[in-house]
Structure formats: C-alpha cells, structure tokens
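Chemist: Below is a structure I'd like to ask you about.
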Amino acid sequence: MSFQVPKNTYTGKINVLKLGKDNTGISVGGEAALPFYSFEGEIPNKPIIAIEVYDTKPSDWPQVVSKYYSDVFDDPVKWAQKSISEYGADAICLKLSKINPDAGDMSPEDAAEITKTVRESISRPLIVYGTGPMEKIAEVMKKISEKNKDSNILMGWVEEDNYKTTAAAAMAYNNNVIALNPLDVNIAKQLNILLTQLELPADRIAMDPSSSGLGYGIEYCYSAMERLKIAALMQDDKMTQMPIISNIAPEIWKVKEVKENEENYPQWGNQEERGINWETISCMSMLLSGTNILVMRHPKAVNIIKEFIKELL
Amino acid sequence: MALSGLEIFKMLPKTNCKDCGFPTCLAFAMQLAAGKVELEKCPHISEEVKEALSEASQPPILKVEIGAGNDSFVVGEETVMFRHDRTFVNQNAFAVTIEDDMDSGKIEEIIKGVNEVLYERVGQILKVDAVCIKNKSKSIDRFLKVAGDVATLTKKPLILVSSDPETLKTAAEKFKENKPLIHAATADNTDLFITLGKETGCPIAVRGKSFEDIAAITGKMREAGIKNLVIDIGSRDFKDDFYNQIILRIAAIKQKNRLFGYPTIVFPDEMTDNPLKETLIASIFIAKYGSIIVLSNPSHQNIFPLLVYRQNIYTDPRRPMQVEQKIYEIGSPDENSPVLITTNFSLTYFIISGEVESSKVPSWLLVMDVEGQSVLTAWAAGKFVPELIAQFIKKSGIVEKIKKKEIVIPGYVSQLQGELEDELGDGWKVVVGPREAGEVPKFLKEYSA
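Taken in order, these protein sequences are the chains called R and L. Going by the numbering used here, the first residue of the first sequence is number 1, and it counts up by one from there. Going by the numbering used here, the first residue of the second sequence is number 314, and it counts up by one from there.
As structure tokens, this is what we get:
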C-alpha cells in the first residue's frame with residue numbers, strides 16, 4: 001500500500017518578537033507549525049534559553065546548582081557574562097529581587113542602573129523580571145525602559161490589573177513586555193486585547209502563562225500552552241499569537257523532590273542528576289507544548305536542552 | 314473505519330428497552346460511538362450486526378494487554394491527539410532492559426532494582442511495568458534460561474526480543490501462560506507469527522522500517538484475526554522516532570486508519586548512552602505518544618521523575634486530582650505549631666505544602682475533602698463553608714495535638730472568619746492567612762515568631 005502521510009493544516013503563525021539591540025539581537029517565534037513539527041510547517045526561529053541572574057545572592061538554592069555560580073553570586077555582571085561564555089545562555093534573565101519592599105525596596109533609579117550595567121556588559125538580549133507588588137514593578141519597569149531606550153529588553157511583567165504604565169514605557173522607548181496570566185487562555189487573550197488597544201504593537205508582547213514544574217501541576221501548564229498554540233496556529237486567533245516565555249527555573253529548584261539529598265531520600269537517587277532531570281523534563285514539556293523562551297538554571301540542564309532543540313529542529 | 318452514533322443507531326433494535334442501562338437506543342449508540350461502553354451491554358442485537366458493530370465500536374487505537382494476572386497492564390485505547398480534548402486513557406508502560414549475555418549476578422541486581430521502584434504519590438502507586446529481555450547472545454538456550462530466571466525474580470510482564478523467529482517461537486510456547494510481548498514480527502516472517510499468535514495468544518510486536526512496511530504486516534495479521542499487536546517503527550534515532558510516533562497517532566486518530574491503530578513501543582535505551590539524555594528522550598515519548606517505553610536501567614534519579622511526569626500527563630483533565638482528607642504533618646510539628654487549613658485539590662495541596670515546607674516552620678496542615686476543588690471554587694460551590702469546615706475541624710482530631718485553638722484559613726476566603734469562629738465556638742480563634750501561596754513562608758515566619 002502507499003501511505004499518504006497525514007498533515008495538520010495551519011492557518012496562523014506566531015508573531016516574531018525581536019530581542020536585544022540590532023547587533024546582538026535574536027528573534028523568537030514566527031513558527032507556522034506545532035512545536036518541533038517542522039515536517040508540517042516552517043519553524044524559522046529556534047526556542048531560546050535565558051539563564052537567570054539575580055541582583056543579590058540567592059539564599060535558598062540547593063548546593064547542587066549553586067556551586068556553578070557561587071563565584072559570581074555577588075556580581076550580576078560577572079554572573080551574566082559567565083552564564084553566556086561558559087554555560088551557553090542565548091539570553092540573560094535578570095531577576096530584580098531587591099526592588100521588593102520586603103527585600104530592600106531598591107529605588108526604580110537604582111534598579112534601572114543595574115539593568116543598564118548588565119545589559120551593556122553582555123552581547124546577548126536581556127529579559128528582566130521584577131518581584132513584589134505590581135505597583136512597584138510597574139514603577140521600576142518604567143524607569144528601566146527609559147534608561148534602556150531602543151534595547152528591545154523584555155520586561156516582566158504586566159497583569160490585567162496593572163499593565164498601562166509598563167506598556168506605555170515599552171512603547172515610548174522601544175522595549176517589550178511580558179503579559180502574565182494564571183494558566184488561563186481567556187485571561188491571556190483578554191490581556192493581549194487590552195495591551196494592543198493601548199496601541200502596544202502585538203509583536204512587542206510575550207505571554208507568560210505562569211509555569212508550573214514537574215509534579216506540581218505541570219499538566220495544567222502543558223494543556224494551557226497547547227491550547228494557546230492551537231488557537232494561534234489552527235484557528236488563526238491573533239490574540240494568542242504572541243510567543244511564550246516559561247519562567248520555569250524557580251519552580252524546579254524550590255521543590256522537595258529536588259532540594260532533598262540522597263542521604264535523606266535514598267529512593268530518589270542522586271540529587272544532582274535528579275535535579276537536572278527535573279529541570280530538563282519540565283523544560284522539554286514546556287517546549288513540546290509551545291514555549292519560545294525558557295528561563296533555566298542548571299548549566300548541565302541548559303546544555304542538554306540546547307542539544308535537544310538543535311537535534312529536533 | 315469508525316461509525317458515528319447515528320450510523321450505529323440505525324443498526325440497533327430501536328426498542329428503547331433500557332436493558333443496556335441507557336434510557337434510549339440513541340443514547341446507547343452515542344456512548345458506543347464515543348467508545349465509552351461495550352457493545353455486550355445490549356442483549357438484543359443479532360450476531361451479524363454484532364460483528365459489524367464490534368469492529369466499528371472499537372477505539373481507533375486498540376487496547377492490548379501485556380502479561381497475565383495481577384501485574385499485567387493494558388496500553389492503547391487512545392482517542393485524542395491532545396490531552397485537553399478529552400484525556401489520555403491508558404498511561405504508557407515503562408520496561409527495563411536485560412541483555413541475555415549479562416551474568417546472573419548483574420541480572421539479579423537489575424531485577425531487584427526494578428522491583429524496588431515503588432512510589433506513592435497522590436494516592437497512586439508509581440512503578441516499573443515490565444522487563445524487556447533482549448537476545449543479545451543469539452543463543453536460544455541462554456535466552457530461555459534468562460527469561461526463566463527473570464520470571465522467577467519478578468512477576469512483572471516480560472517483553473521478549475530476538476531477531477530469530479525460531480527463538481521467539483520456542484520462547485512464546487514456553488512462557489505463553491505469562492502472555493509476554495513477543496518482539497518482533499517482520500515483513501518476511503509474518504506467517505510464522507500469525508501461527509504463533511493463534512497458538513499462544515501472546516501479544517506480538519511488529520517491526521518495520523516504514524509506514525508501508527508496518528501496514529503490510531498489520532494488514533495481514535488483521536485478516537488472520539490477530540489484533541493484539543504493538544507497533545515498532547523505530548529507527549532508534551530519536552528525531553525519526555519522534556516524527557514516527559506523531560504520524561502514527563495522527564493516522565490512527567484523525568484518518569481512522571485501522572492498520573496503524575495499535576499501541577507502540579519505543580527504545581530510548583538504544584538511542585543514547587547518556588542516562589540523562591535517555592531520561593529526557595523517554596519523557597518526550599510520554600507526552601508524544603509512546604505506549605511502551607524501554608529504559609536501560611531503573612536508577613532512581615532517572616525513573617522517579619519519569620514516573621511523576623507520566624502521572625501528570627495522564628491525569629484526566631476533566632477530573633481534578635485529589636489528595637486524601639487528613640491532617641498532614643509538615644516538618645515535625647508539636648503542640649505549639651501553627652494549624653492551617655486548605656482543600657484537597659491536589660495542586661492546592663502540593664503548592665501549599667511546598668510553601669509551608671520551604672518556610673521551615675513545622676506546621677499542621679488540615680486538608681478537607683471538597684471533591685478536589687480549589688479553595689475559591691469549593692467556597693462558591695458551597696463545599697468549603699463555615700458549617701462544613703467546623704464539622705471537619707472538630708472531627709479531624711487536631712484539638713488533641715495542639716494547645717492553642719487557633720487555625721489559619723486561606724486569604725481568599727477571609728469573609729468566613731467570623732462565621733467560622735461562631736461555628737467552632739469553644740474558644741477557637743480563626744486567623745486569615747495570605748491570599749497567594751507564595752506569601753505563606755513570610756506569613757508563617759511572622760505568625761510563629
């Protein structure tokens with residue numbers, strides 16, 4: 001018998017989001033097929049990996065991952081540079097933990113300054129996430145956008161109740177925003193509608209559907225993302241065509257199954273390899289369901305995921 | 314080709330006798346079309362119609378049972394491409410490889426490891442399902458000996474792999490009571506495996522290099538009445554096999570092509586020598602349509618995350634996962650430790666217990682059965698309300714464990730505070746906790762200070 005290989009048909013396409021200045025820029029998105037289904041449609045840009053960099057030394061990382069960064073913990077610039085040159089990060093995801101009123105209440109000016117310093121010291125695009133109350137994050141992002149004009153920074157995040165300040169600042173200074181939704185396709189769409197009604201161009205938006213890690217609700221995340229991608233590609237729903245970012249690393253490295261050592265839990269096996277598996281399986285799950293940008297932590301997990309992306313595309 | 318509900322309805326007696334348990338023949342037909350009931354439920358249809366319908370009412374991917382007795386498992390019966398479309402039905406099986414040229418000490422060690430893999434999570438037991446014995450020695454005697462040894466060391470079903478049909482024939486006859494999966498029939502020996510299948514009743518894996526190859530074998534088997542088949546279209550290159558699994562699933566589900574409507578087997582153990590990569594490849598086939606996934610070893614750090622991922626992906630999206638209603642001890646709480654309450658939606662439980670744990674404040678966590686709903690949903694549905702919460706707290710036995718009658722409720726239901734205090738009476742104090750789980754550690758540190 002001759003077998004006609006069946007194919008899905010696609011009517012839509014993911015937006016192309018440009019990150020970084022022209023000389024150091026990377027594009028994500030643009031695909032016209034389900035993740036890795038390159039036999040069905042064009043996937044012009046590979047998913048990228050951003051490695052996390054914090055503005056302060058993290059206190060709760062398990063030793064099996066902190067040991068790779070402990071020499072640079074007190075310097076975000078060195079941390080970012082090491083993540084790129086030694087661990088192969090495609091981008092840096094700067095986490096501003098000190099802006100939180102409970103953790104230092106750093107001023108927007110200082111936060112913008114750190115962001116600028118890190119950005120100027122690396123040859124890769126920058127993603128920046130705030131922490132703490134949304135009002136503070138918005139103030140900080142406004143300043144960051146102003147101080148990093150025309151840099152195509154990706155700024156996280158905006159929510160349904162708090163998007164105007166950050167979106168306006170992104171528009172005014174040519175940066176991008178991350179739209180957060182709680183694993184909810186309808187809220188994701190609603191927020192994209194609000195943002196585009198503000199006249200923020202659709203190709204300046206990435207969606208963060210709130211990542212959940214292996215064993216802690218990853219299936220909800222998987223299905224929410226798969227539904228977003230299907231709506232975007234098969235139903236040509238413009239308000240779901242934004243690339244997806246998965247801020248997954250913190251969800252991996254805080255759980256018991258990764259933090260406990262083998263002495264306490266012999267039935268869970270070697271802690272470091274277990275942690276790497278926990279991160280790679282979670283990341284691959286995000287990739288298979290549609291993420292375009294992964295925020296990762298363990299260098300060996302980064303290495304394996306990079307290799308798999310390359311092999312599958 | 315599967316029939317629609319209406320097409321099936323036309324062939325039913327149309328008497329609405331209700332003997333099948335459904336109010337009308339049409340309702341029964343619809344359920345049949347959806348693959349949710351067995352045709353046997355209707356006692357009134359003729360043999361002729363039965364034959365026509367039983368074919369049509371089969372799920373697009375047939376159910377295949379591997380092994381016999383309590384430890385057997387079923388794969389297949391899948392009906393959708395995406396889990397959110399309904400659910401994935403029968404979780405994939407994991408098998409661990411034994412090569413028959415290993416020495417007996419090594420074999421014992423691996424089987425011991427396989428048997429030891431046992432985790433309980435959200436009320437389910439997670440374990441390895443099968444042992445895959447490969448005839449690497451090329452010796453029939455050695456193969457039979459090792460298979461016999463393994464069968465005494467574990468009750469888990471066997472997958473018997475050899476490139477020599479005669480070896481497989483002898484092995485299938487010898488172990489037919491155990492219903493092992495026989496791997497594999499190919500295009501040039503299909504007839505032999507048809508005989509083998511008829512005589513032993515063992516499930517058979519069919520191996521081909523292309524979709525055409527597979528269809529030729531499954532077609533021939535099907536004509537001969539052999540349907541408990543598993544497809545191996547592997548090139549042992551994971552990119553190829555990723556593609557193959559997807560195409561097979563689309564062909565079976567969307568094209569309703571019966572020639573591809575069988576469970577599949579994949580061999581990550583033969584795709585890489587790196588255990589971390591093998592684990593990741595296996596995880597890809599959990600999400601993307603592998604039915605039996607063969608691994609090189611049962612190392613805990615590799616198998617544990619895979620078993621958890623399988624449980625996650627195969628969770629029915631229509632039914633929330635629930636945890637048991639009880640008092641959970643986090644850390645080692647004592648009579649002065651905080652008491653918190655939440656609902657038994659598994660995700661709620663996991664997230665809250667994780668945050669309590671990371672706070673390092675030993676606590677009592679009361680988890681109340683609200684049929685697996687989250688806090689707000691359960692409150693809206695009238696299941697997480699003061700009267701019922703008070704009943705649960707009183708019956709839980711928490712008062713015997715603590716000195717101070719004080720309980721923390723989720724911030725999203727702060728409005729319950731006063732009424733719950735009234736319902737509890739007896740000097741109870743109700744404290745409003747944070748709205749978001751992420752704020753729990755900070756709250757607990759301050760609260761317990």
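In this text, a Cβ means the ideal position worked out from N, Cα and C, and glycines have one as well.
Please list the residues of the stretch 461-480 of chain L that have a C-beta atom closer than 8 Å to any C-beta atom in chain R, keeping them in chain order.
Modeler: none
Chemist: Answer with yes or no whether the minimum CB distance from Thr-585 of chain L to chain R is below 7 Å.
Modeler: One-based indexing of the second sequence puts residue 585 of chain L at position 272. Not an interface residue.
Chemist: Could you tell me the distance, in whole angstroms, from the CA atom of Ile-379 of chain L to the CA atom of Ile-84 of chain R?
Modeler: Position 66 of the second sequence holds residue 379 of chain L. Position 84 of the first sequence holds residue 84 of chain R. For Ile-379 of chain L and Ile-84 of chain R, the distance between alpha carbons rounds to 48 Å.
Chemist: Taking 6 Å as the cut-off, is the CB of Ile-530 of chain L close to at least one heavy atom of the ligand NAP?
Modeler: In the structure shown, the ligand NAP is absent, as is every other ligand, since no ligand is present at all.
Chemist: What is the rounded straight-line gap between the Cα of Leu-561 of chain L and the Cα of Phe-617 of chain L?
Modeler: As a first step, residue 561 of chain L is located in the second sequence; it is residue number 248 there, counting from the start. As a first step, residue 617 of chain L is located in the second sequence; it is residue number 304 there, counting from the start. Those two C-alpha atoms are separated by around 28 Å.
Chemist: Could you name the residues of the stretch 17-38 of chain R whose beta carbon sits closer than 8 Å to any beta carbon of chain L, in the order they occur along the chain?
Modeler: Phe-36 and Tyr-37
Chemist: Taking Asp-504 of chain L as part of the alpha helix (DSSP H), name the residues at either end of that continuous run.
Modeler: Position 191 of the second sequence, counted from the first residue, corresponds to residue 504 of chain L. Note, Asp-504 of chain L: alpha helix (DSSP H), 503-513.
Chemist: Just list the alpha helix (DSSP H) runs in the stretch 388-460 of chain L, keeping only unbroken ones of 4 residues or longer that don't cross its boundaries, in chain order.
Modeler: 417-429
Chemist: So what's His-496 of chain L in DSSP terms, helix, strand or just coil?
Modeler: The residue labelled residue 496 of chain L in the question sits at position 183 within the second sequence. Correct three-state label for His-496 of chain L: strand.
Chemist: May I ask you to list the residues that DSSP assigns as paired with Val-543 of chain L?
Modeler: Position 230 of the second sequence holds residue 543 of chain L. BP columns for Val-543 of chain L point to L:Ala-518.
Chemist: Short of 7 Å Cβ to Cβ, which residues in the stretch 274-299 of chain R face chain L?
Modeler: Arg-274, Ile-276, Asn-277, Trp-278, Thr-280, Ile-281, Met-284, Ser-285 and Leu-288
Chemist: Quick one: what's Trp-677 of chain L bridged to in DSSP?
Modeler: As a working mapping, residue 677 of chain L is identified with position 364 in the second sequence. DSSP lists L:Glu-642 and L:Val-652 as partners of Trp-677 of chain L.
Chemist: With a cut-off of 8 Å on the beta carbons, I'd call Asp-582 of chain L and Leu-619 of chain L a contact; round off their distance for me.
Modeler: To locate residue 582 of chain L, count along the second sequence from 1; it is residue 269. To locate residue 619 of chain L, count along the second sequence from 1; it is residue 306. Wrong, their Cβ atoms sit about 13 Å apart, outside the cutoff.
Chemist: Secondary structure at Ile-99 of chain R, three-state DSSP: helix, strand or coil?
Modeler: Your numbering for residue 99 of chain R matches position 99 in the first sequence. The three-state secondary structure of Ile-99 of chain R, taken from DSSP, is coil.
Chemist: Does the pairing of the stretch 454-474 of chain L with the stretch 398-414 of chain L give three or more beta-carbon distances under 8 Å?
Modeler: yes
Chemist: For the structure I just gave you, are there three or more beta carbon pairs, one from the stretch 191-203 of chain R and one from the stretch 152-166 of chain R, closer than 8 Å?
Modeler: yes
Chemist: Any Cβ of chain R within less than 7 Å of the Cβ of Lys-569 of chain L?
Modeler: Looking up residue 569 of chain L in the second sequence gives position 256. No, no contact with chain R.
Chemist: Give me the Cβ distance between Arg-396 of chain L and Ser-211 of chain R, rounded to the nearest whole Å; I'm assuming they're in contact under 8 Å.
Modeler: As a working note, residue 396 of chain L is residue 83 in the second sequence. As a working note, residue 211 of chain R is residue 211 in the first sequence. Their Cβ separation, rounded to whole angstroms, is 18 Å, which puts Arg-396 of chain L and Ser-211 of chain R out of contact at 8 Å.
Chemist: Using a C-beta to C-beta distance shorter than 7 Å, which residues of chain R count as neighbours of Ile-621 of chain L?
Modeler: Looking up residue 621 of chain L in the second sequence gives position 308. Note that residue 621 of chain L is Val in the sequence shown, not Ile. The contacting residues are Leu-214 and Gly-215.
Chemist: Please check the pair Asn-152 of chain R and Gly-30 of chain R, which I expect to be a contact at CB under 8 Å, by giving their CB distance rounded to whole angstroms.
Modeler: The residue labelled residue 152 of chain R in the question sits at position 152 within the first sequence. The residue labelled residue 30 of chain R in the question sits at position 30 within the first sequence. The pair is not a contact, with the Cβ atoms about 15 Å apart (cut-off 8 Å).
Chemist: With a threshold of 7 Å between beta carbons, is Asn-270 of chain R in contact with chain L?
Modeler: Locating residue 270 of chain R in the first sequence gives position 270, where the first residue counts as 1. Cβ-Cβ to chain L under 7 Å: yes for Asn-270 of chain R.
Chemist: Quick test of your reading: Asn-491 of chain L and Ala-464 of chain L, contact by CB under 8 Å. State the CB separation rounded to the nearest angstrom.
Modeler: For the purposes of this step, residue 491 of chain L is identified with residue 178 of the second sequence, where counting begins at 1. For the purposes of this step, residue 464 of chain L is identified with residue 151 of the second sequence, where counting begins at 1. The Cβ separation is near 6 Å, so the contact holds.
Chemist: Check the Cβ of His-397 of chain L against every Cβ in chain R and list those closer than 8 Å, keeping chain order.
Modeler: Locating residue 397 of chain L in the second sequence gives position 84, counting from the first residue. Against His-397 of chain L, the close residues of chain R are Ser-223, Glu-226 and Arg-227, in the order they occur along the chain (beta-carbon pairs closer than 8 Å).
Chemist: Please work out which residues of its chain come closer than 6 Å, Cβ to Cβ, to Pro-576 of chain L, disregarding the five sequence neighbours upstream and downstream, and give them in chain order.
Modeler: Position 263 of the second sequence holds residue 576 of chain L. Answer for Pro-576 of chain L: Val-377, Val-388, Gly-389, Val-543 and Ser-604, listed in chain order.
Chemist: Taking all protein chains shown into account, do 16 or more other C-beta atoms lie within 10 angstroms of the C-beta of Ser-2 of chain R, making it buried, or fewer, making it exposed?
Modeler: In the first sequence, counting from the first residue as 1, residue 2 of chain R sits at position 2. By the neighbour-count rule (16 or more Cβ atoms within 10 Å), Ser-2 of chain R is not buried but exposed.
Chemist: Check each candidate in L:Leu-733, L:Pro-723 and L:Lys-717 and name the one with the smallest Cα separation from Leu-701 of chain L.
Modeler: Reading the second sequence from its first residue, position 388 is the one you call residue 701 of chain L. The residue with the shortest Cα to Cα distance from Leu-701 of chain L is L:Leu-733.
Chemist: Is there a Cβ of chain L sitting closer than 7 Å to that of Glu-219 of chain R, yes or no?
Modeler: The residue you call residue 219 of chain R lines up with position 219 of the first sequence. Taking Cβ atoms only, chain L reaches closer than 7 Å to Glu-219 of chain R, which makes this a yes.
Chemist: Residue range of the beta strand (DSSP E) that Ala-179 of chain R falls in?
Modeler: For the purposes of this step, residue 179 of chain R is taken as residue 179 along the first sequence, with counting starting at 1. Unbroken beta strand (DSSP E) run through Ala-179 of chain R: 176-180.
Chemist: Please report whether the beta-carbon of Leu-198 of chain R lies at a distance below 7 Å from any beta-carbon of chain L.
Modeler: Within the first sequence, numbered from 1, the residue matching residue 198 of chain R stands at position 198. False, the Cβ-Cβ gap to chain L never drops below 7 Å.
Chemist: Cβ of Asp-203 of chain R within 7 Å of Cβ of Leu-180 of chain R?
Modeler: Translated into the one-based positions of the first sequence, residue 203 of chain R becomes position 203. Translated into the one-based positions of the first sequence, residue 180 of chain R becomes position 180. No, Cβ-Cβ distance for Asp-203 of chain R and Leu-180 of chain R is not below 7 Å.
Chemist: If you follow the alpha helix (DSSP H) that Glu-226 of chain R is in, where does it begin and where does it stop?
Modeler: Taking the first sequence and counting its residues from 1, the one referred to as residue 226 of chain R is at position 226. Residues 218-234.
Chemist: Determine whether the beta carbon atoms of Leu-689 of chain L and Tyr-725 of chain L lie at a separation below 7 Å.
Modeler: The residue labelled residue 689 of chain L in the question sits at position 376 within the second sequence. The residue labelled residue 725 of chain L in the question sits at position 412 within the second sequence. Result yes, Cβ atoms of Leu-689 of chain L and Tyr-725 of chain L sit closer than 7 Å.
Chemist: Using 8 Å as the threshold, is the stretch 54-72 of chain R in touch with the stretch 88-97 of chain R, meaning 3 or more CB pairs across them?
Modeler: Touching, yes.
Chemist: Of all the CB atoms in chain L, is at least one closer than 7 Å to the CB of Pro-125 of chain R?
Modeler: Looking up residue 125 of chain R in the first sequence gives position 125. Taking Cβ atoms only, chain L never reaches closer than 7 Å to Pro-125 of chain R, which makes this a no.
Chemist: To the nearest angstrom, how far is the alpha carbon of Asp-105 of chain R from that of Asn-174 of chain R?
Modeler: As a position in the first sequence, residue 105 of chain R is number 105, starting the count at 1. As a position in the first sequence, residue 174 of chain R is number 174, starting the count at 1. Inter-residue distance for Asp-105 of chain R and Asn-174 of chain R is about 26 Å (C-alpha atoms, whole angstroms).
Chemist: Do you know how far the Cα of Val-683 of chain L is from the Cα of Asp-74 of chain R?
Modeler: Numbered from its first residue, the first sequence carries residue 74 of chain R at position 74. Numbered from its first residue, the second sequence carries residue 683 of chain L at position 370. Cα to Cα, the separation comes out at about 47 Å.
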